[in-house]
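Peer 1: Got a structure for you, written out below as structure tokens; questions coming shortly.
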Ligand code: URA
């Protein structure tokens, strides 16, 4: 692959976002073959020793982080024994990526996929409280106590589930849109929370994971996470620069 800018190498190595990597270089914490690097320096990590705070970085230039707009009817699994369409049908063949957490078959919207196992583990680990935002289409009006109960916490069969935020965004005679934010990822959690407060859910879409927005990406489309998104996620799960 040859020489690359150091901040690119550091972010690919999962050290920090590119911006934070620049800071590390400016702070004199990055060396190439033992010499302190300056901003703009390049290095070939196969031929040279790139280190941060004296520790050699492991560069894996094959790391990929994707945002995907999952359509309804697509299963979040690498291989479905029942032969239904899976998220893998929408991914490039190489490098092989895996879903970060899951969206149930009837839910559409934002799903992250990566081949960075450590990143995937941390994003889904409850300890890091990565917020997920969902738009819920509800049949009919939403009584105020339902929102109050979601925020206070509802008892599910696997314990209390509390919304970080819940609010009615739009309502007319026939339907309402409720936006809910949770920071856990239990199986069908939003559906079960809505059922617990007797709100008839017609459709569920995940619109945001941490700093990553679904935006206007079409259904079935993927895009690469940008360095701001990746840097913010790294920081949130303790993979950013110290
Ligand atoms: N909550 C659900 O009910 N379904 C999902 O896919 C994700 C969260």
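Residue numbers (our numbering): 154 to 395. Every residue, glycine too, gets a C-beta built ideally from N, C-alpha and C.
Have a look at 323, 312 and 282 and flag the residue whose alpha-carbon is nearest the alpha-carbon of residue 294.
Peer 2: Nearest C-alpha to residue 294: 323.
Peer 1: Along the chain, where does the alpha helix (DSSP H) that runs through residue 161 open and close?
Peer 2: Start and end: 159 to 165.
Peer 1: Around the ligand URA, what residues have a beta-carbon under 5 Å from a heavy atom of it, in chain order?
Peer 2: Listed by chain position, these are 256, 257, 260, 341, 342, 343 and 344.
Peer 1: Out of 320, 311 and 339, which has the shortest C-alpha to C-alpha gap to residue 298?
Peer 2: When each option's Cα is compared against that of residue 298, the closest is 320.
Peer 1: Could you pull out every residue in the same chain whose Cβ sits closer than 6 Å to the Cβ of residue 306, ignoring the five residues on either side in sequence?
Peer 2: Result list for residue 306: 313 and 315, in chain order.
Peer 1: On the DSSP bridge list, what partners appear for residue 314?
Peer 2: Its beta-bridge partners are 307.
Peer 1: Cβ of residue 290 versus every heavy atom of the ligand FAD: is any distance shorter than 7 Å?
Peer 2: The ligand FAD is not part of this structure, which contains only the ligand URA.
Peer 1: Tell me, please, which residues DSSP counts as bridged to residue 220.
Peer 2: Note: residue 220 sits in a beta bridge opposite 265 and 376.
Peer 1: Which residue marks the beginning of the beta strand (DSSP E) containing residue 290, and which one marks its end?
Peer 2: Where residue 290 is concerned, the enclosing beta strand (DSSP E) stretches over 285 to 292.
Peer 1: Touching or not, the region 362 to 378 and the region 342 to 352, by the rule of three or more beta carbon pairs under 8 Å?
Peer 2: At 8 Å Cβ cutoff, the stretches do not touch.
Peer 1: Once you ignore the five residues that flank residue 282 on each side, which residues in its own chain have a CB closer than 7 Å to its CB?
Peer 2: Cβ neighbours of residue 282 beyond the five flanking positions: 336.
Peer 1: For residue 333, count neighbouring Cβ atoms within 10 angstroms of its own Cβ and tell me buried if that reaches 16, exposed if not.
Peer 2: The residue is buried, with at least 16 neighbouring Cβ atoms inside 10 Å.
Peer 1: Could you tell me the distance, in whole angstroms, from the CA atom of residue 157 to the CA atom of residue 196?
Peer 2: In a straight line, the C-alpha of residue 157 is about 6 Å away from that of residue 196.
Peer 1: Can you tell me whether residue 330 is helix, strand or coil according to DSSP?
Peer 2: Of the three classes helix, strand and coil, the one that applies to residue 330 here is strand, per DSSP.
Peer 1: Please report the residue range of the beta strand (DSSP E) in which residue 239 lies.
Peer 2: Unbroken run through residue 239: none, as it is neither H nor E.
Peer 1: Should residue 286 and residue 184 be called a contact, given that it needs their Cβ atoms to be closer than 8 Å?
Peer 2: Not closer than 8 Å, so no.
Peer 1: Note down, in chain order, each residue of its chain lying with its Cβ closer than 8 Å to the Cβ of residue 330, except the 5 sequence neighbours on either side.
Peer 2: The answer, listed in chain order, is 288, 289, 290, 291, 321, 322, 323 and 324.
Peer 1: With burial defined as no fewer than 16 other Cβ atoms inside 10 Å of the residue's Cβ, what is the status of residue 355: buried or exposed?
Peer 2: The residue is exposed, with fewer than 16 neighbouring Cβ atoms inside 10 Å.
Peer 1: Excluding the 5 residues flanking residue 380 on each side, which residues of the same chain have their C-beta closer than 8 Å to its C-beta?
Peer 2: Taken in chain order, the residues that qualify are 164, 170, 171 and 172.
Peer 1: Over the uninterrupted alpha helix (DSSP H) stretch that includes residue 343, give me the two end residues.
Peer 2: Element bounds for residue 343: 342 to 349.
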